[in-house]
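One gets this note's numbering by counting positions in the sequence shown from 1 and adding 97 to each. No residue lacks a Cβ here, since even glycine has one placed at the ideal position from N, Cα and C. Since the structure is predicted, the reported quantities are computational estimates derived from the model, not experimental observations. All remarks here apply to the structure that follows.
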Amino acid sequence: PIVVRMRALTARSPDVASLAQGVVHWSPPEPAIDAAAAAAREPSSHSYCDDRGWDPLRDALQRKLADEHGLVNSDVMVTAGANQAFANLALTLLDASDCALLFAPYYFNHKMMLETRGCHVYVAPATHDFLPRLEDVEAALACEDPPKMVIVVNPGNPTGTLVPRARLEAIRDACAARGCWLVVDNTYCDFTYDGAAHDCVPSGAGRRRYGPAGRRRYGARGAAARRLRRRHEATLCRAGPRRRRKGPRGR
């Protein structure tokens with residue numbers, strides 16, 4: 098991965114500044130740290146919760162999505178980072194040998210996860226403005242082996258380019274017309290500059306605004322949300338009667 102190469106380069110050359118990974122240089126605010134410390138003393142923090150995440154946290158995140166981004170009727174799942182969120186989506190919505198579409202320059206972890214899943218990855222060429230083009234989506238969807246998933250990152254990673262709402266809606270409509278999943282990674286939605294606004298369509302990943310790079314969430318709707326719940330239940334909860342008959346050999 099490019100990040101490994103950049104780390105080696107910066108280690109040899111102290112005057113080189115790496116822009117390959119957008120990890121903020123500040124810590125979470127003190128109230129958040131105090132709340133986390135207080136929660137660690139609560140007995141309920143050390144027991145299992147719903148596999149989609151702690152209900153009060155999910156409810157608060159749903160309110161935040163509605164208040165700040167106008168996204169309603171979203172089903173939130175808390176994950177250990179945006180990479181796990183994307184892995185959950187790839188494992189749930191795609192089968193091995195399915196195709197997926199990325200836009201150059203893409204987030205390299207997306208491509209690695211898709212290849213790990215056994216998928217064929219189409220990469221649309223980079224444009225002068227680093228924006229995903231509707232014509233590339235339509236051309237891919239019209240080919241003999243169309244993608245089952247289209248992935249858009251907004252703002253772009255690594256470019257930081259904001260995708261206009263009209264472009265997002267056009268890509269969403271094209272995907273919906275062909276029965277293709279659209280995944281929008283909004284990890285850096287708070288990193289906008291010069292008065293630019295970030296727009297959302299119903300889908301998303303985590304946020305880095307407050308500094309906790311290891312704790313994120315993502316949202317899904319409808320059939321995608323139901324599939325994600327079923328996959329978690331199937332992965333985490335083996336059928337009770339069958340386990341009693343055969344004994345706890347997996348413990």
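Residues bridged to residue i [DSSP beta-bridge criterion]
i, result
"residue 196", "217"
"residue 279", "247"
Status (buried if at least 16 other CB within 10 Å, exposed otherwise) for residue i
i, result
"residue 207", "buried"
"residue 268", "buried"
"residue 136", "exposed"
"residue 157", "exposed"
"residue 109", "exposed"
"residue 229", "buried"
"residue 204", "buried"
"residue 247", "buried"
Through-space distance from residue j to residue i, alpha-carbon basis
i, j, result
"residue 232", "residue 184", "27 Å"
"residue 219", "residue 282", "18 Å"
"residue 284", "residue 255", "12 Å"
"residue 154", "residue 286", "19 Å"
"residue 166", "residue 172", "14 Å"
"residue 134", "residue 277", "43 Å"
Option nearest residue i by Cα separation, candidates the options
i, options, result
"residue 264", "275, 108, 279, 244", "279"
"residue 266", "256, 258, 177, 249", "249"
"residue 192", "205, 201, 181, 213", "213"
"residue 198", "242, 164, 225, 294", "242"
"residue 354", "256, 294, 277", "The structure shown does not extend to residue 354, since the chain is modelled only from 98 to 348, so the question has no answer here."
"residue 152", "138, 287, 175", "175"
"residue 244", "126, 274, 226, 106", "274"
"residue 272", "122, 240, 234, 168", "234"
"residue 217", "178, 195, 169", "195"
"residue 270", "292, 291, 298, 260", "298"
Residue-chain proximity (residue i, chain B), Cβ-Cβ < 8 Å
i, result
"residue 238", "Among the protein chains of the structure shown there is no chain B, as only one such chain exists."
Same chain only: Cβ atoms within 6 Å of residue i, ignoring 5 sequence neighbours per side
i, result
"residue 289", "295"
Neighbourhood of residue i by C-beta, 7 Å cutoff - its chain only, sequence neighbours within 5 removed
i, result
"residue 223", "201, 202"
"residue 180", "206"
"residue 163", "169"
Cβ shell of residue i (< 8 Å), same chain only, five flanking positions each side left out
i, result
"residue 258", "226, 227, 228, 252"
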